[in-house]
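>
Residue numbers (the working numbering), protein chains in the order written: chain H, 828 to 1047; chain F, 738 to 984.
1. Would you tell me roughly how many angstroms separate the C-alpha atoms of residue 940 of chain H and residue 915 of chain H, rounded to the nearest one?
2. Over the uninterrupted alpha helix (DSSP H) stretch that includes residue 915 of chain F, give me the two end residues.
3. So, does the CB of residue 1009 of chain H fall closer than 9 Å to a CB anywhere in chain F?
4. Distance check for residue 869 of chain H and residue 858 of chain H, CA to CA, integer angstroms please.
5. Along the stretch 833-844 of chain F, where does the CB come closer than 9 Å to a CB of chain H? Name the residues.
6. Alpha carbon to alpha carbon, what distance is there between residue 763 of chain F and residue 792 of chain F?
7. Taking the CB atoms as reference points, tell me whether residue 740 of chain F and residue 834 of chain F lie closer together than 9 Å.
8. Who are the near neighbours of residue 940 of chain F in its chain, counting only those whose CB is closer than 7 Å to its CB and skipping five residues on each side?
9. In three-state terms, what does DSSP make of residue 953 of chain H?
10. Would a check of beta-carbon distances place residue 940 of chain F closer than 9 Å to chain H?
11. For the stretch 1020-1041 of chain H, list every residue whose C-beta sits within 7 Å of some C-beta in chain F, in sequence order.
12. Alpha carbon to alpha carbon, how far is residue 886 of chain F from residue 704 of chain F? Give it in angstroms, no decimals.
13. Indicate the three-state DSSP secondary structure (helix, strand or coil) for residue 772 of chain F in the structure shown.
14. Which residues mark the beginning and the end of the alpha helix (DSSP H) in which residue 886 of chain H is found?
15. May I have the straight-line CA-CA distance separating residue 828 of chain F from residue 945 of chain H, to the nearest angstrom?
16. By the three-class DSSP mapping on this structure, what secondary structure does residue 889 of chain F have?
17. Should residue 791 of chain H go down as buried or exposed, given a rule of 16 or more other Cβ atoms within 10 Å for buried?
18. Cutting at 6 Å between CB atoms, please list the residues of its own chain near residue 1026 of chain H, excluding the five before and the five after it.
19. Would you kindly report the start and end of the unbroken beta strand (DSSP E) that includes residue 846 of chain F?
20. Of the choices F/930, F/927, F/934 and F/902, whose alpha-carbon is the least far from that of residue 969 of chain F?
21. Sorted by chain position, which residues of the same chain lie with C-beta nearer than 8 Å to residue 911 of chain F's C-beta, five sequence neighbours on each side aside?
22. Whose C-beta lies closer than 8 Å to the C-beta of residue 867 of chain H among residues of the same chain, with five residues either side of it excluded?
23. Under 9 Å between C-beta atoms, does residue 971 of chain F make it to chain H?
24. I need the DSSP call for residue 999 of chain H, collapsed to helix, strand or coil.
25. Between which two residues does the beta strand (DSSP E) containing residue 788 of chain F stretch?
26. What's the call for residue 807 of chain F, buried or exposed, on a 16-neighbour Cβ count within 10 Å?
27. What residues of chain F sit near residue 911 of chain H, judged by a beta carbon separation below 8 Å?
28. Three Cβ pairs or more, each shorter than 8 Å: is that satisfied between the stretch 865-874 of chain F and the stretch 921-939 of chain F?
29. Taking buried to mean at least 16 other C-beta atoms within 10 Å of its own C-beta, is residue 1010 of chain H buried or exposed?
30. Assuming residue 971 of chain F and residue 1014 of chain H make a contact with CB atoms under 8 Å, what is their CB distance in whole Å?
31. Could you spell out the range, first to last residue, of the alpha helix (DSSP H) harbouring residue 876 of chain F?
32. Starting from residue 962 of chain H, trace the beta strand (DSSP E) both ways and give me its first and last residue.
33. For residue 856 of chain H, which residues in the same chain have their Cβ closer than 8 Å to its Cβ, ignoring the five residues on either side in sequence?
So this is what it looks like as structure tokens:
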């Protein structure tokens, strides 16, 4: 397949998978909003189930691959696109014909990628890889992931970092979701208008959801 | 009316190029933008200086020759018009107007504001036609085409190939142009016979000409003088997949 289309198709397909993943992720985060005694048991047993289910293991590898392929092909596309416009305009009012987000998806994506690395170091590396301080077990014998989360969000700097990052995340999702469908060849006019609204609502829910939960945990 | 033009001056393809300022007095707000450039060139002739090279043909918004980047927008400050349809009343007395050529690796500058857009012509050469027998014209109603189908084909066919989509696109993508040409013919029964070959060859040519990918910023449809919808690109993407599967 023509690289102009192949690369974009991979970015769109992996992007859509990541959008679905984020729904599951945010739903799980909502457990943190419950009263502490219920939240701890539920959150820890949920994360144990995720770690031990063979099906989830396969999906986890699809997830790692999606993040890597999404970023890798986005890098290839961005490099080629830069080469296609070697000389910039002295004055360019691109804000009058397109959104800032759509012009800067690469920059926003890079910020999100850096966040993912920090996020993985905070949780994935400790809980799944066993790096750093050992995670203790709760009363039911599950790894106390709730404690890890709670402790992290007692640090106001991490709370602010996680909250601020939800802004580029929401922007990226708003442009990415609706564009992914167009890249994959969905061209129904009314359907696309509807999708644009869905993308906006989805981005707001994800941005507000991921942004506010660390704050609620901080004040819990 | 008096304005300061800041214009990209470049002697030839290999010259470095620089922005030069020209103060021009005695303009009328009823002048088209191209007439204002004509006026500037007349003044330059009288001063024995080299005139500013720029392209135009019809000056009535249908030929697609007069594309330049004006004050940070393709074809100037308004949406969906050509440069020749832009008038000096869109500017204020005393304004500084920055004029640059289209910027894209696939549109090398020939001189000043003139760029080589033959990369678009080569995309056309790779399938934006139908292989029909020559001879007398066929009877007009021999092939019935529903009105909505002919309307959709006509909307895409309206593309005048000015290159504003490529110029305004941060990726210099020719996706709007190529999709308009593909959808125009592939929508119609006359174009069906060669539809998959057309999609494969035109998009391949688009790739080797060095255009970028479409990332759906939407700038192209705002700057397109014919208001060709970006949905054409989504339709082309569907056709690319279909041609890959069915060819």
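Where a beta carbon is used, it is the ideal one built from N, C-alpha and C, also for glycine.
Checking against the coordinates, here is how it stands:
1. 26 Å
2. 912-924
3. Residue contact with chain F for residue 1009 of chain H: present (Cβ-Cβ distance below 9 Å to some residue of chain F).
4. 7 Å
5. 835, 837, 840, 841, 842 and 843
6. 23 Å
7. Yes, they are a contact pair.
8. 915 and 977
9. helix
10. yes
11. none
12. Limits of chain F in this structure are 738 at one end and 984 at the other, which puts residue 704 of chain F out of reach.
13. helix
14. First-last of the alpha helix (DSSP H) with residue 886 of chain H: 881-911.
15. 50 Å
16. helix
17. Residue 791 of chain H falls outside the range modelled here, since chain H spans only 828 to 1047, and no answer is possible.
18. 1001, 1004 and 1005.
19. 846-848
20. F/902
21. Result list for residue 911 of chain F: 843, 856, 857, 860, 902, 903, 943, 946 and 948, in chain order.
22. 965, 971, 973 and 974
23. By this cut-off, residue 971 of chain F is an interface position.
24. helix
25. Per DSSP, residue 788 of chain F belongs to no beta strand (DSSP E) and is neither H nor E.
26. buried
27. 841, 842, 843, 908, 909, 910, 947, 948 and 949
28. yes
29. buried
30. 4 Å
31. From DSSP, residue 876 of chain F is part of no alpha helix (DSSP H); its letter is neither H nor E.
32. The continuous stretches of beta strand (DSSP E) do not include residue 962 of chain H, and DSSP gives it neither H nor E.
33. 1036, 1037 and 1040
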